[in-house]
Amino acid sequence: MGVVRVRSDERPWLCHELVVLSTWAERLRGLLGTDEGAAPVMLLRCGSVHTFGMSYPIDVAFVGERGEVLEVRRGVGPGEFLSSPGAECTIERPANGGRWVEEGEHLWVVSLSVPPA
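With the first letter of the sequence shown counted as 1, position 42 gets the number 42 in our numbering; the numbers rise by one all the way through.
Below, the structure written as structure tokens:
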């Protein structure tokens, strides 16, 4: 698992730090088994998510292949299934009213940290 920092063209002063989940097992688990203090995550090669087994609501953003935020859903409760045609990755975090990505934004990577093998 690595960590990526992303910004948007529309709000370059705001940076989001996300834990990258790239393997099938990591993506399947997502935020499952964590609590409301969990770090936000980016699920690579993922255009759909579920909240079955979650104990708290999450905020979800689907991102297209060119970094465009296609769809944002906030406060998604347990037991839901979400999908977005054209999404290449998904961003999740425990739900809160703070700043978050917005539909139509274009995200770009500022930095990427990968732990040594």
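Idealized CB from N, CA, C, for every residue including glycine.
Between the alpha carbons of residue i and residue j, how many angstroms are there, rounded?
i: leucine 43; j: glycine 30; result: 7 angstroms
i: glutamate 36; j: glycine 97; result: 13 angstroms
i: glycine 86; j: valine 6; result: 20 angstroms
i: threonine 90; j: serine 111; result: 18 angstroms
i: valine 76; j: proline 94; result: 9 angstroms
i: glycine 104; j: valine 69; result: 5 angstroms
i: threonine 34; j: aspartate 9; result: 31 angstroms
i: valine 60; j: leucine 14; result: 18 angstroms
i: valine 3; j: proline 12; result: 19 angstroms
i: valine 114; j: tryptophan 108; result: 17 angstroms
i: alanine 38; j: arginine 74; result: 16 angstroms
DSSP puts residue i in a beta bridge; with which residues?
i: glutamate 71; result: Phe62
i: serine 48; result: Ser83
i: threonine 90; result: Leu43 and Phe62
i: glycine 2; result: Val20
i: serine 111; result: Arg5
What did DSSP end up calling residue i once you bin it into helix, strand or coil?
i: glutamate 26; result: helix
i: arginine 7; result: strand
i: valine 76; result: strand
Contact defined as beta carbons within less than 8 angstroms: I believe residue i pairs with residue j. What is the distance between those atoms, to the nearest angstrom?
i: glutamate 26; j: methionine 54; result: At roughly 16 angstroms, the Cβ-Cβ gap does not stay under 8 angstroms, so glutamate 26 and methionine 54 are not in contact.
Contact the region 19 to 26 vs the region 48 to 65: 3+ CB pairs below 8 angstroms: Three or more Cβ pairs closer than 8 angstroms define a contact, and the region 19 to 26 falls short of that threshold against the region 48 to 65.
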